[in-house]
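To start, the structure itself, in structure tokens.
Okay, here's the thing in structure tokens:
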């Protein structure tokens, strides 16, 4: 089975080989027949109407590159008139009254929205196991094998998006990344995932988890596709007070630039204890590939990176406890059926509507912000955030890009970590620092373990250098074919009656 | 650092959540583990370090003081759990 990229579909549409309606119909059928639980909802009428409109536009001479190309949307993005759950019971009946700017931007480029992908509840999780709508299986091992091995998780929180693209239920998807939620599932499912610089993509209409960290980005097979999709997502938005007012950029423009003289920094802190030895060897091989392309490698240091996880687990819950106070059963979402007074209504509504991980994080946040603890927790975390950010400034004085593993280990089995929240948190140990500093960071397929599981190479570049990051990723993908590998057919999306179509 | 049951109930009340009695022990242990993880922060001397509330210390933009929103009350109230005659309905607050 070969993968289908956005670039291929765009070329097919341009050449008139296929129509958007045909392509969209094909993906909708695959979604319907899939077993991964990657989608929370689809709206075939809505998608096909968009596809039809795209075909009509193309017939009248519109040559927008992504016109008519279908993409899956993480169910954290509001789309007017469609169910938007954020993976939570409390929003089960929520029909968004407006559309997120990122989605609106994509729609204005003619992108078709196939449906809403599954995710950890309110984007809090690294395995997609906290979703009210059920776990998602990783297409690289979605059924038990021989012994009592459980299926693997796709990662999280954008686990449905990752599984959808890996299983070819969509050629690409949107994700959001607060502590690694695009990059970790991309690594687990053999995808290219990019978290842009903070402020690059508007947060308007993207349900908030931790507002100073949240950022939307593309999840695709290739770096070229990530550039194409980011072109359609990014842009200044007056509706988001932290949106960057900077000129638009074509992220595909420098994809083929030479990497001659590129300075790669390897932080020694990312290669220490806790890193799977097989992973370390794979990353080492990937770095050698860059040397063959003319890059030089040197060791750098991010001495405060061990403080990223502790400070993140104060800052993110603190912001979440504030953001999630809006779910009170008054203006939208579910309300408890029976209650005695106003406070009882709030309390019952929230206790019934939120899952355990969300409750834990809200409570940690409330504790960290409460009287007497604010300085010890919240203020201290913000000071450490500064130190972590300063570390990157110092490292980037010596190199152009920082590389390392995206995750400490490949995808793990379902139910293997869900009982221990703090062990689950360790999944994001390499990805969190870039969120705290607001830097662009991505994960690209780096090779496979002995057990045949994908791994991710993590790239971090200076502020606003997404184009550089994508250039580095693209050149690597010209030399390697890890990103072209698809999951074994038995586990993949295409069942027998659909497998022969392409 | 396990939290005592009263503290767990207290935090839950601040967050407008109710933790059932049979779940308090579990929450106490789990929240305690998270606080243990976070406790590594204490060891760092951050005297003189300015807190970083936002990446790049960007400041919020101000906009012109002009009306930009139009009235969408009916549309927004259509998705409310309980609304009537333009009002959101909640249990009686004042007797």
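Chains as they are written, first to last, in our numbering: chain U, 1 to 502; chain P, 1001 to 1095.
Idealized CB from N, CA, C, for every residue including glycine.
Since the structure is predicted, the reported quantities are computational estimates derived from the model, not experimental observations.
Checklist entry - Going along chain P in order, which residues have a C-beta closer than 7 Å to the C-beta of residue 380 (chain U)? => result 1041, 1046
Checklist entry - So residue 204 (chain U) and residue 240 (chain U) are in contact, right, with Cβ under 8 Å, and what is the actual spacing, rounded? => result 5 Å
Next on the checklist: Please report the straight-line C-alpha distance between residue 413 (chain U) and residue 150 (chain U), rounded to a whole angstrom.
Outcome noted: 5 Å
Checklist entry - Are there 16 or more other CB atoms within 10 angstroms of the CB of residue 50 (chain U), so buried, or fewer, so exposed? => result Per the 10 Å Cβ criterion, buried.
Checklist entry - What residues from chain U crowd round residue 1050 (chain P), counting only those whose CB sits closer than 8 Å? => result 383, 386
Checklist entry - Starting from residue 39 (chain U) and walking both ways along the beta strand (DSSP E), at which residues does that stretch end? => result Counting along the chain, the beta strand (DSSP E) containing residue 39 (chain U) begins and ends at 39 to 42.
Checklist entry - From the beta carbon of residue 345 (chain U), is the nearest beta carbon of chain P less than 8 Å away? => result Taking Cβ atoms only, chain P reaches closer than 8 Å to residue 345 (chain U), which makes this a yes.
Next on the checklist: If the criterion is Cβ atoms closer than 8 Å, does the pair residue 1072 (chain P) and residue 307 (chain U) meet it?
Outcome noted: no
Checklist entry - Taking the DSSP output, what are the residues bridged to residue 219 (chain U)? => result U:173, U:193
Checklist entry - For the candidate residues U:137, U:451, U:238, whose alpha-carbon lies nearest to that of residue 1069 (chain P)? => result U:238
Item to check | Contact between the stretch 267 to 275 of chain U and the stretch 224 to 234 of chain U (3+ Cβ pairs under 8 Å) | outcome: no
Checklist entry - Rounded to a whole number of angstroms, what is the C-alpha to C-alpha distance between residue 435 (chain U) and residue 1094 (chain P)? => result Their Cα atoms are separated by approximately 45 Å.
Item to check | Length of the line joining the Cα atoms of residue 277 (chain U) and residue 456 (chain U) | outcome: 14 Å
Checklist entry - For residue 245 (chain U), which of U:90, U:208, U:199, U:156 has the nearest alpha-carbon? => result U:199
Checklist entry - Secondary structure at residue 152 (chain U), three-state DSSP: helix, strand or coil? => result Residue 152 (chain U): strand per DSSP, three-state reduction.
Item to check | Nearest-angstrom Cα separation, counted from residue 2 (chain U) out to residue 488 (chain U) | outcome: 11 Å
Next on the checklist: With a threshold of 8 Å between beta-carbons, can residue 1087 (chain P) be considered close to chain U, or not?
Outcome noted: no
Item to check | Members of the stretch 359 to 371 of chain U near chain P, C-beta cut-off 7 Å | outcome: 359, 360, 362, 363, 364, 366, 367, 370
Item to check | Any 3 or more C-beta pairs closer than 8 Å across the stretch 1026 to 1043 of chain P and the stretch 372 to 381 of chain U | outcome: yes
Checklist entry - In whole angstroms, what separates the C-alpha of residue 225 (chain U) from that of residue 162 (chain U)? => result Rounded to the nearest whole angstrom, the C-alpha separation of residue 225 (chain U) and residue 162 (chain U) is 14 Å.
Item to check | Backbone CA spacing between residue 437 (chain U) and residue 386 (chain U) [nearest angstrom] | outcome: 8 Å
Next on the checklist: Suppose the cutoff is 6 Å on Cβ atoms and the five residues either side in sequence are ignored; what does the same chain contact list for residue 304 (chain U) look like?
Outcome noted: 387, 388, 391
Checklist entry - In this structure, does DSSP put residue 440 (chain U) in helix, strand or coil? => result coil
Item to check | Nonlocal neighbours in the same chain, by C-beta distance under 8 Å from residue 334 (chain U), ignoring five residues either side | outcome: Answer for residue 334 (chain U): 89, 90, 91, 92, 93, 349, 352, 353, listed in chain order.
Item to check | Cβ neighbour criterion (16 or more within 10 Å) applied to residue 483 (chain U) | outcome: Buried, because 16 or more other Cβ atoms sit within 10 Å of the Cβ of residue 483 (chain U).
Item to check | Residue burial classification, residue 135 (chain U) (beta-carbon count within 10 angstroms, cutoff 16) | outcome: buried
Next on the checklist: Once the 5 residues before and after residue 18 (chain U) are set aside, which same chain residues still bring their CB inside 6 Å of it?
Outcome noted: These residues qualify, in order along the chain: 12.
Next on the checklist: Per DSSP, what are the beta-bridge partners of residue 297 (chain U) in this structure?
Outcome noted: U:264
Checklist entry - Can you tell me whether residue 146 (chain U) is buried or exposed, with buried defined as 16 or more other CB within 10 angstroms of its CB? => result Summary for residue 146 (chain U): the model assigns pLDDT 44, below 50, so the residue's position carries little reliability; its value from the coordinates is reported in the next sentence. Under this definition residue 146 (chain U) is an exposed residue.
Next on the checklist: In whole angstroms, give me the CA-to-CA distance for residue 196 (chain U) and residue 157 (chain U).
Outcome noted: Our two residues, residue 196 (chain U) and residue 157 (chain U), have alpha carbons roughly 16 Å apart in a direct line.
Next on the checklist: Could you check if residue 337 (chain U) belongs to the surroundings of the ligand MG, using beta carbon to heavy atom distance under 7 Å?
Outcome noted: This structure lacks the ligand MG; in fact it carries no ligand of any kind.
Item to check | residue 104 (chain U) burial status per 10 Å Cβ neighbour count (16 or more: buried) | outcome: buried
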